[in-house]
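Numbering (my numbering), first residue to last: -15 to 527.
All residues carry an ideal CB built from backbone N, CA and C; glycine is no exception.
Scroll down for the structure; my scribbles are underneath it.
Right under this line is the structure:
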């Protein structure tokens, strides 16, 4: 009984195995001519279809193919397959896909994830029509497109710089979109996200760019510089930040650079405005007359090259400063004529000199200036006292003269005492018996000036338009000072008159012979003039 039961069970099991095996083989035979489950070709589900059925389905769906593009704004635009000639052309690829399939492996395939095939040659389309369809989309129209812009620096009204954020925009890269469409069409993909696929053009510089931030910091530093110039006399000039900013740039290493030519041009303009050497400025004389002597060595004159170099280095340092220019020549003050209240004034017409110190008149004296008839007239203009010396020896081609007080002011011309050879000053002596160009001054007055004057004091030399009739002083004006030829006097022409015994009384020449000769009185040469008919025998002789 037990044996019969076992046989029965075995028979049932054999029948079950045979049934399952037959069923598995039958299903495998089916999949020899049909695609497995979860199989797609170019995105089209061909599960359980024969090759012929799959081709027909693919061809049918190709007629309805469209691709949808999603923009960054979330809008969607569609290109129809018919717009660019999209269609299926069989080249046996579907059959080849099916032949690759082992029908009897249907169970693992069923339990697996499925399979996708791509036919790259069986779908055909017109590329030019696809590109035309793309360019016709709304997202490609110029009026709907905002181009990206880099973040940049902008200068504000106050001169500072701020970073203007980038503009991302919505401009598509035609090249990238076209490549994406071709890839999608050829793979049967029906939707693309343009932003996710990186099809938009983007700014190259964003507001958090380190280089941009560094540039902003440098520009704000150098764009806020000012340089304040003290020109003297309470006058200031400001080199403003706007002008400086216009000269400024950065090199490839983000280092500041300034236009040196522009810096030098600005310095030249400043010097043109404030230099006074070479100008003819008004001066009110001690007699109330206004004259215009040229400022020749006294006045303001900027060292333009040195100042341009100094200013350039200041700008590179990046700090606002106050400064005085580099002066090649300077004056005691800044004003209408830069002279101030301490100066020497010499009037050649009136042969008179004044010395003022701090506005107080210390000296007023007649003088003898350069010999006009000998072509040695004293120079005119405004000069600067270049020094002073006691017990100096003045030398020239034909003289060597010691003086107690020497105060030079221009090319060997200066003020000095002359009592050792002159007994008269003022009048018209300078026209025929003047100096070699110096200002011959009574010793006592020269001493006062010497004791009070300082190097750098202006010396104003001019020829007045008016002769104010100052009298000639000294023995030649009627006094009794002793001279080289005895007791001296003068006639109406200013000629020297010898009165008393003459040291040439032993000379046996007739008086008319003396008329063509000269007498040296000190270092000055004077003509001998016979004023009466007496012979040269100690009588009155003028020379």
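Distance, residue 55 Cα to residue 123 Cα: A direct Cα-to-Cα measurement between residue 123 and residue 55 gives close to 8 Å.
Distance CB(residue 72)-CB(residue 25) smaller than 8 Å: Not a contact, by the Cβ cut-off of 8 Å.
Beta-carbon spacing of residue 400, residue 389 below 8 Å: Taking 8 Å as the Cβ cut-off, residue 400 and residue 389 qualify as a contacting pair.
7 Å Cβ shell around residue 33 - same chain, five flanking residues per side excluded: Around residue 33, the same chain offers 18, 19 and 41 as residues with beta carbons nearer than 7 Å, after the five sequence neighbours per side are excluded.
Option nearest residue 125 by Cα separation, candidates 335, 253, 277 and 154: Each of 335, 253, 277 and 154 was checked against the Cα of residue 125, and the nearest Cα belongs to 154.
Top-ranked residue by Cα proximity to residue 539, from 239, 257, 422 and 444: The structure shown does not extend to residue 539, since the chain spans only -15 to 527, so no value can be given for it.
Buried versus exposed, by CB contacts within 10 Å (16 or more), residue 537: Any question about residue 537 goes unanswered here, given that the chain covers just -15 to 527.
Outcome for residue 13 when other beta-carbon atoms lying within 10 angstroms are tallied against a minimum of 16: The residue is exposed, with fewer than 16 neighbouring Cβ atoms inside 10 Å.
Nearest-angstrom Cα separation, counted from residue 121 out to residue 177: C-alpha separation (whole angstroms): 15 Å.
Cβ pair residue 454, residue 410 closer than 8 Å: Cβ atoms of residue 454 and residue 410: closer than 8 Å.
Where residue 379 sits in the DSSP three-state scheme: Residue 379 carries a strand assignment under DSSP once its states are collapsed to helix, strand and coil.
Buried versus exposed call for residue 336 [16 or more other C-beta atoms within 10 Å across all chains shown]: Counting Cβ neighbours within 10 Å, residue 336 comes out buried, since at least 16 surround it.
Limits of the alpha helix (DSSP H) - the one that residue 311 falls within: Here residue 311 belongs to no alpha helix (DSSP H); instead the beta strand (DSSP E) covers 311 to 313.
Stretch-stretch touch, CB-based, cutoff 8 Å, three pairs: the region 181 to 188 with the region 237 to 257: Output reads no: the region 237 to 257 does not touch the region 181 to 188.
Contiguous beta strand (DSSP E) assignments of at least 3 residues, all confined to the region 61 to 140: Here the runs fully enclosed are 99 to 101 and 136 to 139.
Status (buried if at least 16 other CB within 10 Å, exposed otherwise) for residue 86: Exposed, because fewer than 16 other Cβ atoms sit within 10 Å of the Cβ of residue 86.
Alpha-carbon spacing of residue 328 relative to residue 283, whole angstroms: Spanning the two alpha carbons is a distance of roughly 15 Å.
Classification of residue 279 by the beta-carbon crowding that lies within 10 angstroms, buried from 16 upward: By the 10 Å Cβ count, residue 279 comes out buried.
Buried or exposed by the 16-neighbour rule on C-beta atoms within 10 Å, applied to residue 0: Around the beta-carbon of residue 0, fewer than 16 other beta-carbon atoms lie within 10 Å, marking it exposed.
Proximal residues to residue 74 (C-beta, below 7 Å), its chain only, five neighbours per side dropped: Result list for residue 74: 39 and 106, in chain order.
Residue(s) in a DSSP beta bridge with residue 400: For residue 400, which the question treats as bridged, DSSP gives the partners 390 and 424.
Euclidean distance between Cα positions of residue 224 and residue 301: So the two alpha carbons sit approximately 16 Å from each other.
Those residues which DSSP pairs with residue 241 across a bridge: In DSSP, residue 241 forms a bridge with 233.
Alpha-carbon to alpha-carbon, residue 324 and residue 343: Near 8 Å, if we compare the C-alpha coordinates of residue 324 and residue 343.
Validate contact between the region 59 to 71 and the region 113 to 120 using beta carbons, cut 8 Å, 3 pairs: Remark: three or more beta-carbon pairs, one from each stretch, lie closer than 8 Å, so the region 59 to 71 and the region 113 to 120 are flagged as touching.
Cβ separation of residue 271 and residue 452, assumed to be a contact under 8 Å, to the nearest whole Å: Approximately 6 Å separates the beta-carbon atoms of residue 271 and residue 452; this is inside 8 Å, confirming the contact.
Beta-carbon spacing of residue 346, residue 432 below 8 Å: In terms of Cβ geometry, residue 346 and residue 432 form a close pair [threshold 8 Å].
Anticipated Cβ contact below 8 Å, residue 207 with residue 144, distance rounded: Correct: roughly 7 Å between the Cβ atoms.
Assigned secondary structure, residue 157 (DSSP; H/G/I helix, E/B strand, else coil): If DSSP states are grouped into helix, strand and coil, residue 157 belongs with coil.
For residue 145, the residue or residues it bridges with in DSSP: Note: residue 145 sits in a beta bridge opposite 139.
Contact under 8 Å by Cβ, residue 212 with residue 308: Not closer than 8 Å, so no.
Host beta strand (DSSP E) of residue 346 (start-end): Counted as a single uninterrupted DSSP element, the beta strand (DSSP E) harbouring residue 346 occupies residues 344 to 350.
Cβ shell of residue -10 (< 6 Å), same chain only, five flanking positions each side left out: Nothing meets the Cβ criterion.
For residue 0, the three-state DSSP class (helix, strand or coil): In the three-state scheme derived from DSSP, where H, G and I count as helix and E and B as strand, residue 0 is classed as helix.
Under the three-state DSSP convention, the category residue 317 falls into: The answer is coil: DSSP assigns residue 317 none of H, G, I, E or B.
Residue 56 in three-state terms, based on DSSP: If DSSP states are grouped into helix, strand and coil, residue 56 belongs with coil.
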